[in-house]
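Residue numbers (the working numbering), protein chains in the order written: chain A, 1 to 680; chain B, 1001 to 1169; chain C, 2001 to 2377.
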């Protein structure tokens, strides 16, 4: 979590910079919708990110700003001098809030208050009649609440492999906690069964999160446990010494569990004798501690590096790998032993450097999926739908820089799927589907890209409805002829939303255009496939920043190809004459029938195969299919480079790699190749 | 503003067969010598393949074929002009094989004549104008590089050349 | 008839039939086949006859005695004549023959009649021997005569020959001397020839080496030219690259707007320079290609020349070797001629001697001839 927070600081700095330049640009072009959208998106991201990474000041502060710009976006408010001034002041303030020391200085705290007032005033000005009190007075400005949690796992909880301590740890990560492990149920040794769980826990949690988020942690074990989750105060009670003393004393004196009523009484007492300022002070100390902790750690463990520099580093590493390949080639040609040694050494260093670079930049997609799982659960429960969330290929690694940018769009897509895609239980029954809907998140490599698919088996998108809506919104003319693909692409246009009513789940009006823009910012692409009543599949294709793959260098005639090692199952050397006579392109190898493709023919390469050909078995949808090449040159660390827009539709080649002598090798996307050939 | 004019009025010329074309200097990235081109299988003939341009992949187009001329052997003067092209709103680089590089010329706005609408060899939307200079007997055709190299236009030209060929036959 | 007559007659008959043959056989046995046998035999016969006559005188009256006396006398006379005839005559005959022979007349015919041969007496024996002797002598003498004549002739011939020979020998000796002299001259020239050949061979070798060096140089220069052409290629490439570079610079300069203007000029100048160097390179290329061709040709020719010269050198060497051999040969020949010369001189002397000797031989032949004239054949 810490490194993400740090990452967040980096990202927010970028966002704030972007925001500043956008605001300045807006000063000259007050009508520029794109700029307004951009500012709004930044606000949105700041708000979401702030909350997620516990920068509550930022989160709260941008919340109101976002609301203002939402109005501006919708044309309910004009861009005026006062607004721009506030925004620019806010930009400066946001910068201060990010700085650990400044954030705590009285000046900044003062500015925080005045600015918040100004923003609220600005907002109030807009919605004077509509919603005079947009702020819930009851809501604690600090947002920290204290919960009491009793977690009493069933005695046989070990049986299904659950470690309750992990769950406790997870709870502790939500905020400041005070945990009591109750062990009085443990029997005497003669009756003790080591396979049973006798311990239970009582935890006081001080967090800004909702109660439900605590519940989420126990979503898989709630049937097997006794869980009591109560909000005992809308205060950070754990900062109140009299309360904690009472709790500790009680726990020491009575080894049995707390009386909930008693706790609430203590809480009320504590609430009464705690002043607002104390709370805020306490709270800020907390934040300070936290940030100091990060900074301390970061000073030792890491440094801040901009994404550009990392990108440059990655590119340099790629170039180095290429340069190393040429060094290897020429040193082996020269046959100078000293040089060969140096080259070998150089190769080792390069490989380490590459792995290091990959480690620096890559992270498995799994890290994101936990959040999605909870989201699916929360939302489906809220909407009264039954949905199972399945993930595939979560070990697929993507660039770290992509993770943050991907979370929001993926959340959004998931929300859409849950909200609009999957039907209610009744609807599903009517449609003859199983009660439980299914959302699949699938990640895999395809050539130099990472594909992330989100597929649901819901009602699908009605292309006609989309078309009509687009016409209504004036995005297309009524007589424009469009393919389904084109129509689905309309979903990603700004200001497009098909939901008949804006729900609180996916309502906001920040539609798929934000998704598309976020993906485009990551140099990715997004595509939609949908069939009514069958489901929708949204595919996000992302290029790998550092795409060095371990490949097999093969050759047909003079052209080099690289087959990713990950897709190769096996290699055989066969006689071409055997394949030539094979019926229906099916070869029999070790008594197995294996379909194959003669790549020379399929790729329309002139010339004939040599007598000895290389039969490479590649994995394809749980099958193995043979691809026939002339010669295998050997393993090769291929630095993948995209072929460019001109070859955009040419997806059987996922990229090119520069070999040691400067010639190009084409990286084959075996999945696409087989797709294509089998279609033919 | 004067500077901007300079940019828009500066062109890089190159020769294809007997004809001289010009492209706005803004579009030209640089010129490189002919090198070995790796053909991408199953791509159209005029898409010559890819080369290694200082570590990046540069797709190379056989411009002669694109303009409906017979492909011929490369000579010493054959070069690849690297153009910055907007393809579907995205900036890309494309290498164009030309018979000979020309020079960088500055042309006054008044010297650029509108393209002929009738009897033109090439699709009129590809030609931005005609340039006539003192030391040039023929007109130089000023190309709209984005259109010439964008994907749709490739198809158009292919069809056009086919039509021309069909007419010739 | 009286019994006295019958007694006489019986006596006569008995003596005649028994006495006389007996006596004769006796004589024969004693004298064997000698000519002298005839004498007693005749005397016996005569005695017998005379005895008869005496018998008759007694017996017969005087009337018959008148005629007995003559008859007896006649018997005596006849028997003497017969004696002479039968013995003296052959001896006389023989004697005349021998006399004749001693006189050197070997032509005497010594006929031995068959009677004589039959008698096989001493005379006939002598006659036969004599005849044999004369015959042999005659043969010998005529042989000698013939030989002496031929000796004479040969001697004469020999004399003439030896004279001629001696003359020829002196002539030959003179010529040999001449040959020897010329031979010596020839040897000298051959020696010079050999020396020259050796020198020529050395020179040829040197020139072969030099040609080879020059050939190598030509080759090197061809290579150098080829390299120049290659380098020209590089220059060309550089010019071309500079061209492209200047174009790229122009492009960049144009993009820099007015700031790039100056640079653009520079880029153009660079381009002009590149063009100039391109043309210069082209000219150099042309020149070097043509000189390369020349050098190539020269190289080829000199390459061909080298083996020729080498061949010449070896040939000249062979000649010099040949000359040396010839020199040795000539010396040998000269020596031979010298030897021949001295031999000829010796021969001349010998033939002169021979001429003298042959003269003597002729004289001897003549002498022999005259001596042999004694014999008449």
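Ideal Cβ positions, reconstructed from N, Cα and C, are used throughout, including at glycine.
Can you tell me whether residue 17(A) is helix, strand or coil according to DSSP?
Here residue 17(A) refers to the residue found at position 17 when the first chain is read from its first residue. In the structure shown, the three-state DSSP call for residue 17(A) is helix.
Which residues of chain B have a Cβ atom closer than 7 Å to the Cβ of residue 642(A), listed in chain order?
Position 642 of the first chain, counted from the first residue, corresponds to residue 642(A). Near residue 642(A) (Cβ distances below 7 Å), the residues of chain B are 1057.
Which residues of the region 1012-1044 of chain B have a Cβ closer than 9 Å to any Cβ of chain C? Give them in chain order.
1012, 1025, 1026, 1028, 1029, 1030, 1031, 1032, 1033
Nonlocal neighbours in the same chain, by C-beta distance under 6 Å from residue 1031(B), ignoring five residues either side:
Within the second chain, numbered from 1, the residue matching residue 1031(B) stands at position 31. Once the five neighbours on either side are set aside, the close Cβ partners of residue 1031(B) are 1079, 1081, 1101.
So within the region 424-507 of chain A, which uninterrupted beta strand (DSSP E) runs reach at least 3 residues, ignoring any that extend past its ends?
437-446, 449-456
What are the boundary residues of the alpha helix (DSSP H) that includes residue 164(A)?
Taking the first chain and counting its residues from 1, the one referred to as residue 164(A) is at position 164. Residue 164(A) -> alpha helix (DSSP H) spans 164-172.
Output needed for residue 386(A): all residues of its chain with C-beta closer than 7 Å, excluding positions within five of it in sequence on either side, in chain order.
For the purposes of this step, residue 386(A) is identified with residue 386 of the first chain, where counting begins at 1. If we look at residue 386(A) and ignore the five residues flanking it on each side, its Cβ neighbours are 380, 425, 435, 436, 437.
Taking 8 Å as the limit between beta carbons, can you name the residues of its chain near residue 2278(C), skipping five residues before and five after?
By 1-based counting over the third chain, the position of residue 2278(C) is 278. Counting only Cβ-Cβ distances below 8 Å, and skipping sequence neighbours, we find 2236, 2239, 2240, 2243.
Name the chain B residues that come within less than 9 Å of residue 603(A), Cβ to Cβ?
Here residue 603(A) refers to the residue found at position 603 of the first chain. Per Cβ cutoff of 9 Å: 1041, 1042.
Give me the Cα-Cα distance between residue 138(A) and residue 215(A), rounded to the nearest whole angstrom.
On the first chain, residue 138(A) is found 138 positions in, with the first residue counted as 1. On the first chain, residue 215(A) is found 215 positions in, with the first residue counted as 1. Below a pLDDT of 50, predicted positions are generally treated as unreliable, and residue 138(A), at 38, falls in that range; no measurement from the model is reported.
Are residue 560(A) and residue 665(A) touching if we call contact CB-CB under 8 Å?
Position 560 of the first chain, counted from the start, is the residue given in the question as residue 560(A). Position 665 of the first chain, counted from the start, is the residue given in the question as residue 665(A). Against a cut-off of 8 Å, the Cβ pair of residue 665(A) and residue 560(A) comes out as a contact.
Would residue 689(A) pass as a contact of residue 670(A) if the rule is Cβ separation under 8 Å?
There is simply no residue 689(A) to check, as chain A begins at 1 and stops at 680 in what is shown.
Establish whether the CB of residue 133(A) and some CB of chain B are separated by less than 8 Å.
The residue labelled residue 133(A) in the question sits at position 133 within the first chain. Per-residue confidence for residue 133(A) stands at a pLDDT of 39, beneath the threshold of 50, marking its modelled position as unreliable; the derived number appears in the next sentence. With its beta carbon at least 8 Å from every one in chain B, residue 133(A) lies outside the interface.
Residue 155(A) - containing beta strand (DSSP E), residue span
The count along the first chain starts at 1 and reaches residue 155(A) at position 155. Neither: residue 155(A) is in no beta strand (DSSP E) and is coded neither H nor E.
Pairing CB atoms from the region 1014-1031 of chain B with CB atoms from the region 1094-1109 of chain B, are three or more of them under 8 Å?
By the criterion of at least three beta-carbon pairs nearer than 8 Å, the region 1014-1031 of chain B is in contact with the region 1094-1109 of chain B.
Below 8 Å between beta carbons: does that hold for residue 540(A) and residue 562(A)?
What you label residue 540(A) is simply residue 540 of the first chain in a count that begins at 1. What you label residue 562(A) is simply residue 562 of the first chain in a count that begins at 1. No, Cβ-Cβ distance for residue 540(A) and residue 562(A) is not below 8 Å.
Output the boundary residues of the beta strand (DSSP E) element that contains residue 654(A).
Residue 654(A) sits at position 654 when you count from the first residue of the first chain. Unbroken beta strand (DSSP E) run through residue 654(A): 653-658.
Measure the C-alpha to C-alpha separation of residue 2083(C) and residue 2367(C) and round it to an integer number of angstroms.
In the third chain, the residue the question calls residue 2083(C) occupies position 83. In the third chain, the residue the question calls residue 2367(C) occupies position 367. Going by the C-alpha atoms only, they are around 50 Å apart.
Roughly how many whole angstroms lie between the Cα atoms of residue 997(B) and residue 2275(C)?
Examination of residue 997(B) is not possible in this model, given that chain B is present from 1001 through 1169 alone.
If we define contact as Cβ-Cβ less than 8 Å, is residue 1079(B) a contact residue for chain A?
In the second chain, residue 1079(B) corresponds to position 79, counting from 1. Chain A contact via Cβ: absent.
Under three-state DSSP, which class holds residue 2038(C)?
If you number the third chain from 1, residue 2038(C) lands on position 38. Looking at residue 2038(C) - three-state DSSP - the assignment turns out to be helix.
Could you pull out every residue in the same chain whose Cβ sits closer than 8 Å to the Cβ of residue 84(A), ignoring the five residues on either side in sequence?
Looking up residue 84(A) in the first chain gives position 84. Result list for residue 84(A): 23, 26, 27, in chain order.
For residue 553(A), the nearest candidate out of 416(A), 443(A), 658(A), 150(A) (CA to CA)
For the purposes of this step, residue 553(A) is identified with residue 553 of the first chain, where counting begins at 1. The residue with the shortest Cα to Cα distance from residue 553(A) is 658(A).
Alpha carbon to alpha carbon, what distance is there between residue 481(A) and residue 118(A)?
Taking the first chain and counting its residues from 1, one reaches residue 118(A) at position 118. Taking the first chain and counting its residues from 1, one reaches residue 481(A) at position 481. Distance between the alpha carbons of residue 118(A) and residue 481(A): 50 Å.
Compile a chain-ordered list of the residues in the region 302-328 of chain A whose CB is closer than 9 Å to at least one CB of chain B.
315, 318, 319, 322
On the DSSP bridge assignment, give the partners of residue 266(A) in chain order.
For the purposes of this step, residue 266(A) is taken as the residue at position 266 of the first chain. Paired residue(s): none; residue 266(A) is not in a bridge.
According to DSSP, which residues form a beta bridge with residue 2276(C)?
Counted from its first residue, the third chain places residue 2276(C) at position 276. DSSP, once it has assigned bridges, lists no residue as partnering residue 2276(C).
To which residues does DSSP link residue 1110(B) through a beta bridge?
Against the second chain, residue 1110(B) aligns to sequence position 110. None, per the DSSP bridge assignment.
Going straight from the alpha carbon of residue 1095(B) to that of residue 1133(B), what length do you get?
Locating residue 1095(B) in the second chain gives position 95, counting from the first residue. Locating residue 1133(B) in the second chain gives position 133, counting from the first residue. About 27 Å.
Measuring only between beta-carbons, confirm whether residue 2219(C) sits less than 8 Å from chain B.
As a first step, residue 2219(C) is located in the third chain; it is residue number 219 there, counting from the start. For residue 2219(C), not one C-beta of chain B is nearer than 8 Å to its own C-beta.
Excluding the 5 residues preceding and the 5 following residue 516(A) in the sequence, name in chain order all residues of the same chain whose CB lies nearer than 7 Å to its CB.
Position 516 of the first chain, counted from the first residue, corresponds to residue 516(A). Answer for residue 516(A): 492, 526, listed in chain order.
Report yes or no: is there a C-beta of chain C within less than 8 Å of the C-beta of residue 1010(B)?
Within the second chain, the letter at position 10 stands for residue 1010(B). For residue 1010(B), the answer is yes, since a Cβ of chain C falls inside 8 Å of its Cβ.
Taking 8 Å as the cut-off, decide whether the C-beta atoms of residue 36(A) and residue 91(A) are in contact.
For this step, residue 36(A) is matched to residue 36 along the first chain. For this step, residue 91(A) is matched to residue 91 along the first chain. Cβ atoms of residue 36(A) and residue 91(A): not closer than 8 Å.
Which full runs of the alpha helix (DSSP H) of 4+ residues lie inside the region 588-650 of chain A, going along the chain?
599-602
If you draw a straight line from the C-alpha of residue 627(A) to the C-alpha of residue 602(A), how long is it?
To locate residue 627(A), count along the first chain from 1; it is residue 627. To locate residue 602(A), count along the first chain from 1; it is residue 602. Cα to Cα, residue 627(A) sits roughly 10 Å from residue 602(A).
When the Cα atoms are used, what is the spatial distance from residue 2126(C) to residue 2027(C)?
Mapped onto the third chain, residue 2126(C) falls at position 126. Mapped onto the third chain, residue 2027(C) falls at position 27. Rounded to whole angstroms, residue 2126(C) to residue 2027(C) spans 22 Å at the Cα level.
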